[in-house]
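Chemist:
In this note's numbering, the protein residues as written are 777 to 849.
1. Using the Cβ count rule (16 or more neighbours within 10 Å means buried), how would you classify residue 801?
2. Within this structure, are the beta carbons of residue 813 and residue 798 separated by less than 9 angstroms?
3. Looking at residue 824 and residue 807, is the spacing between their C-beta atoms short of 9 angstroms?
4. Among 805, 828 and 796, which one has its Cα closest to the Cα of residue 779?
5. State yes or no: is the C-beta of residue 804 within less than 9 angstroms of the C-beta of residue 819?
6. Mapping DSSP to helix, strand and coil, what is residue 786?
7. Assign residue 795 to one of three DSSP states: helix, strand, or coil.
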């Protein structure tokens, strides 16, 4: 299970931790190539999923880089 602060979610999705709900709704629609912004609750849920995906990918990259560094020693 993972937890993310609202500021972290906004940063991951919009690029600004102080973004408002409308910005999050619009960016989620853009990222997912939806024809129009979603309702606030749906956009919030998808923003969390997007944040989690970005975070997981980043952690995997760091893990891979760390493993490669350890092997080179």
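Where is the CB? At the ideal position from N, CA and C, for every residue including glycine.
Modeler: The short version:
1. buried
2. yes
3. no
4. 828
5. yes
6. helix
7. coil
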